[in-house]
Amino acid sequence: MSADHPPVRRYRPPAPLGGRRRATGSPAGRNTKALLFLAPALIVLGLFVVWPMISALRLSFTDASGFGREEWVGLENYAAVFTDPDILNAVTNTVLYTVLFTPTAVIAALGLALLLNSPRMPFRSFFRTALFVPFVVSFAVAAFAWSYLIDPQVGLVNYWLRGMGIRMGNVLEDPTWAMPMVAFVAVWKLFGFYFVIFLAGLQDIPNSLYEAARMDGAGPWSRLRNITLPMLSNTMAFVLVFATIAALQAFDQIYVMTGGGPYGNTQTVVMEIYESGFRKLDIGFASALSYVLLVATLILSLVQFVFFGRREKDLS
Amino acid sequence: MTRTRIWTGAAAALALTAAVAGCSGGGEDDGPVELTFWHGYSEADGDVLEEIVADFNASHDDITIDTELKTWDSIDDTLLTALSAGEGPGLVAMPAERLPVYASKGAFASLDDFYADEASNTANLVPGAVEMEEVEGEKFGVPSGFVPLAVYYNTALFEAGGVDEFPQTWDEWVEAAKRLTVDEDGDGTPEQYGVVLPDHATVANGLWPSLFYGNGGGIVDGGEAVIDSPENAETLEFWSGAIAADQISPTGVDGIGADELFSGGKAAMTVGGPWMASIATENGIDYAIAPLPAGPAEQAASAIGVSMAVTVDTSRAEQAAAEEFLSFFLNEENSVKWSLGSGWPPLRTDIPAEAVAENPVVASLTEIAATGRPLLPGVVNSVDVLSAVDELTQRAVAGEDVDALLAEAQAEVQAALED
């Protein structure tokens, strides 16, 4: 702001209760202090995330098995990743899983968030909590529970469906239905998290916008299309990126429920990483595959952010 | 005060890091030797193993073996990380078909010298069991279990179905299974199956090779894939026909599903190992054991095997101690004890069936022990070979074209062998 402009009253957020504390000490001292406060998190991140990532990058250029005696093999592992027919199958399966999981989870979360954001909805808090509960359950536990529920011999779901005259059969052994089933378990488990994020996003939309729209005669559909969805696009980008990453990393429930079967139909990229590393003891190849997945995930996330970021800009 | 607290925290964090780093230390060569032994024997077999280990510890002042019970799966899941961190066991037991991959990656010590030593008690081991331990001509393990798959059948259901004699050939087997398959409400899904033949994973990995052998076929021979053969095509047509058309067995079942059907009295016969005996007893099912009925070419059965190996995470003294234990485990007295307690047939050919007659399960399994063939001995990438066979059998049973499937499996198995 230069001085020749007339003074403009600007909005200033209220000071937090107890007053704003003045920063003390020299900037250098403050940085040291900040670093000290960050140290525990940095140490943990460094030890358990950064260091393993560096190690994995190095291992991806070797024929390591985990027992010493490793030799530098250059790009051999990366070449193998791009030529192995099993990997192609795993990539196809992962894409299918992502297509099944991501839209379903995001639409379910958004729909329920819209529904439970409405003040006219009875038992709102109860439903909100109930929908979030699956997210708290560990993935392995959820997978075991679902395996039992849909078991053709002892499963409750099967029992109920039989009462209605429907025979479900052994879904997890069925090459057509195994993938939708494991994707469904992931939707059930994860959508509560996306739901909460959407709910927070919805509550950030100023009510005045809706009031103005109502005065202009906009109906519920028009308000959803022209206010809610555009105002949610940031949230949407976040949720979509998160859901896509979760889908690309699908492993837990697949490992528990199908083990990648029936005959490789639910074998995802991460299952393949696990199998190469821990079953075939080919750590070098598994590391290379992990890095390819990491780069692919990164590119996909960036594309999503750019795409939704642009929409945000168009709006303003 | 804050500053002091921060420094204390930082110091504590540093100390913790140092402690973690300092955890991994090597064994010493002098003095008493302590050895960790990972195994997955969790039932009666585990109790006997503990007894044998306790006897060993009592009779050896300078050696202590600590057993650590894990599930077989978790042994496989954690061995790699434990060994690479220098925290691995000295001795480990694992499913025999998992041994070659670890051995080929240098996780296990060679036991060639141990086998050459007369005191090792290995001279009279069942040859098929020893074959499981060989990778590229070198031995890396000692068998702790070797038993051919057998048929466990429900004698009450046999009686009710009017089947008096256990079938001896494939045709008789299918015939008997048809008589024992019952579809009471006529809805096309039997309530009781004559037999349950899993088509993938665990027991199926042994069942289908057994059926292939029975008709003169195989999977791998001399390091080459031999799965695409007319004999195997015949075998697959015969059994997928019996399973799909005659509904003698449910489809899409794995070993665990098969156990459940048999223990629930919903299948008259199942194929499995000694654990079926205890499962049947627990569920109040009267059972008997019989060898797999002979195929057109011969009577053969794939064996389930467990191997024990000495890891490279050992000093020379620890290695010697481990070998001392292995020869102790294989001595005559302990062989009989282990066999009676675990329910698995003796690993030594010089132990006659009479020596284990007091356990009828062991006695009947001992009689057929010689028919057992090791599963993919020496095959390093057994993971891909078995998943190719899984895919083949599942899709064949589902009614897909057998010749095309075999050609596909042949290519996959060959690729896995050349890996």
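Chains as they are written, first to last, in our numbering: chain S, -8 to 307; chain L, 5 to 423. Just so it is clear, CB atoms sit at the ideal spot from N, CA and C, and this is done for glycine as well. Just so we're clear, the structure is a prediction, and the values are computed from it rather than from any experiment.
Open item on the list: Please list, in chain order, the residues of the segment 233 to 257 of chain S that have any C-beta partner in chain L closer than 9 Å.
Closed with: Listed by position along the chain: G250, G251, G252, P253, Y254 and G255.
- [ ] Kindly provide the ranges of any beta strand (DSSP E) runs that are 3 or more residues long and lie completely inside the segment 122 to 209 of chain L, ordered along the chain.
- [x] As summarised for the segment 122 to 209 of chain L, the continuous beta strand (DSSP E) elements at least 3 residues long and confined to that stretch are 146 to 152, 154 to 158 and 197 to 200, given in chain order.
Open item on the list: For a contact defined as C-beta to C-beta under 7 Å, what are the partners of E286 (chain L) on chain S?
Closed with: Per Cβ cutoff of 7 Å: no residues; E286 (chain L) is ~17 Å from chain S at best.
Open item on the list: Since Q196 (chain L) and A272 (chain L) should fall inside the 8 Å C-beta cutoff, what is the C-beta to C-beta distance between them, to a whole number of angstroms?
Closed with: Confirmed, Cβ separation roughly 7 Å.
Open item on the list: With a threshold of 8 Å, are at least 3 pairs of Cβ atoms found where one atom belongs to the segment 101 to 109 of chain S and the other to the segment 175 to 190 of chain S?
Closed with: Between the segment 101 to 109 of chain S and the segment 175 to 190 of chain S, the count of Cβ pairs shorter than 8 Å is three or higher; the stretches touch.
Task: Cβ-based neighbour list, S267 (chain S), same chain, cut-off 6 Å, excluding 5 preceding and 5 following - done: Contacts found: D273, F276 and A277.
TODO: Check whether the Cβ of E395 (chain L) lies closer than 7 Å to any Cβ atom in chain S.
DONE: So yes, E395 (chain L) belongs to the interface.
Open item on the list: Just to confirm before moving on: does the CB-CB distance between A367 (chain L) and A373 (chain L) stay below 7 Å?
Closed with: Result no, Cβ atoms of A367 (chain L) and A373 (chain L) do not sit closer than 7 Å.
- [ ] Kindly say whether L223 (chain S), judged by its beta-carbon, lies nearer than 7 Å to any beta-carbon of chain L.
- [x] Cβ-Cβ to chain L under 7 Å: no for L223 (chain S).
TODO: Report yes or no: is there a C-beta of chain L within less than 7 Å of the C-beta of N161 (chain S)?
DONE: So yes, N161 (chain S) belongs to the interface.
Open item on the list: Does any residue of chain L have a CB that is nearer than 7 Å to the CB of G315 (chain S)?
Closed with: Outside the displayed span of chain S (-8 to 307) sits residue 315 (chain S), for which this structure offers no information.
Open item on the list: Taking the beta carbon of R352 (chain L) as the centre, do at least 16 other beta carbons fall within 10 Å, making it buried, or is it exposed?
Closed with: That one is buried.
Open item on the list: Using a Cβ distance threshold of 8 Å, determine whether the segment 35 to 52 of chain L contacts the segment 93 to 111 of chain L, with at least three qualifying pairs required.
Closed with: A contact exists between the segment 35 to 52 of chain L and the segment 93 to 111 of chain L.
Open item on the list: According to DSSP, is G31 (chain L) part of a helix, a strand, or is it coil?
Closed with: Low confidence applies here, because G31 (chain L) scores a pLDDT of 42, under 50, leaving its location unreliable; read the following figure in that light. Assignment of G31 (chain L) by DSSP, reduced to helix, strand and coil, places it in the coil class.
Open item on the list: Taking 7 Å as the threshold (beta carbon to beta carbon), is S368 (chain L) in contact with chain S?
Closed with: No, its Cβ sits nowhere closer than 7 Å to a Cβ of chain S.
Open item on the list: Against chain S, with Cβ distances strictly below 7 Å, would K143 (chain L) count as a contact?
Closed with: Against chain S, the CB of K143 (chain L) has no partner CB under 7 Å away; the residue lies outside that interface.
Task: Residues from the segment 377 to 388 of chain L in contact with chain S, defined by Cβ distance under 8 Å - done: Those residues of the segment 377 to 388 of chain L that come within reach of chain S (Cβ to Cβ, closer than 8 Å) are N385, V387 and D388.
Task: Opening and closing residue of the beta strand (DSSP E) in which I293 (chain L) lies - done: Element bounds for I293 (chain L): Y291 to P295.
Open item on the list: Is it buried or exposed, P197 (chain S), if we count other Cβ atoms within 10 angstroms and call 16 or more buried?
Closed with: Within 10 angstroms of the beta-carbon of P197 (chain S) lie fewer than 16 other beta-carbons, which makes it exposed.
- [ ] Could you tell me how far apart the beta carbons of A262 (chain L) and Y157 (chain L) are, in whole angstroms, since I believe they sit closer than 8 Å?
- [x] Contact doesn't hold; Cβ gap of about 13 Å is too wide.
TODO: Compute the Euclidean distance between the alpha carbons of P202 (chain L) and V283 (chain S), then round it to the nearest angstrom.
DONE: A straight-line Cα-Cα distance of about 36 Å links P202 (chain L) and V283 (chain S).
Open item on the list: Taking the alpha carbon of A248 (chain L) as the reference point, which residue from L:A164, L:S267, L:R399 and L:A413 has its own alpha carbon closest?
Closed with: The candidate whose alpha carbon is nearest that of A248 (chain L) is L:R399.
- [ ] Measure the alpha-carbon distance for T315 (chain L) versus T95 (chain S) and round it to whole angstroms.
- [x] Cα to Cα, T315 (chain L) sits roughly 48 Å from T95 (chain S).
Task: Partner residues on chain S for Y197 (chain L), Cβ-Cβ distance less than 9 Å - done: Identification of chain S residues near Y197 (chain L) by a Cβ-Cβ cut-off of 9 Å yields none; the smallest Cβ-Cβ distance measures about 12 Å.
Open item on the list: One question on the structure: do G104 (chain L) and G382 (chain L) come within less than 7 Å of each other, judged by their Cβ atoms?
Closed with: Per the sequence shown, residue 104 (chain L) should be read as Pro rather than Gly. With contacts defined by Cβ atoms closer than 7 Å, P104 (chain L) and G382 (chain L) form a contacting pair.
Task: Interface positions of the segment 249 to 265 of chain L facing chain S (Cβ-Cβ less than 9 Å), listed along the chain - done: Within the segment 249 to 265 of chain L, the qualifying residues are P254, T255, G256, V257, D258, G261, E264 and L265.
Open item on the list: Tell me the DSSP secondary structure of E235 (chain L) in three-state form.
Closed with: Looking at E235 (chain L) - three-state DSSP - the assignment turns out to be helix.
Task: Cβ-based neighbour list, S28 (chain L), same chain, cut-off 7 Å, excluding 5 preceding and 5 following - done: Only weak support is given to the placement of S28 (chain L): the predicted model assigns it a pLDDT of 37, under 50, and the value that follows is read from those uncertain coordinates. A distance below 7 Å between beta-carbons, with the five flanking residues on each side excluded, links S28 (chain L) to the following residues of its chain, in chain order: A89, G90 and E91.
Open item on the list: Please list, in chain order, the chain L residues whose beta carbon lies closer than 7 Å to that of F130 (chain S).
Closed with: Neighbours of F130 (chain S) on chain L: none; closest Cβ ~16 Å, over 7 Å.
Open item on the list: DSSP has E424 (chain L) in a bridge; who is on the other side?
Closed with: For chain L, the structure presents residues 5 to 423; residue 424 (chain L) sits outside this window and is missing.
Task: Beta-carbon spacing of K109 (chain L), S56 (chain S) below 7 Å - done: Taking 7 Å as the cut-off, the beta carbon of K109 (chain L) is found closer than this to the beta carbon of S56 (chain S).
- [ ] List the residues of chain L whose Cβ lies closer than 7 Å to the Cβ of E266 (chain S), in chain order.
- [x] For E266 (chain S), the chain L residues whose C-beta falls within less than 7 Å of its own C-beta are V387, listed in chain order.
Open item on the list: Whether or not the segment 197 to 211 of chain S and the segment 158 to 172 of chain S are in contact is what I'm after, with contact meaning three or more pairs of Cβ atoms, one per stretch, closer than 8 Å; do they touch?
Closed with: Using a C-beta cut-off of 8 Å, the segment 158 to 172 of chain S makes no contact with the segment 197 to 211 of chain S, since fewer than three inter-stretch Cβ pairs fall below that distance.
Open item on the list: Going by the DSSP bridge assignment, what does E228 (chain L) pair with across the sheet?
Closed with: Per DSSP, the beta bridge partners of E228 (chain L) are L:D225.
Task: Cβ of A420 (chain L) within 7 Å of any chain S Cβ - done: A420 (chain L) does not count as touching chain S.
TODO: Determine, using beta carbons only, whether L272 (chain S) comes closer than 7 Å to chain L.
DONE: Residue contact check for L272 (chain S) against chain L: a CB pair falls below 7 Å.
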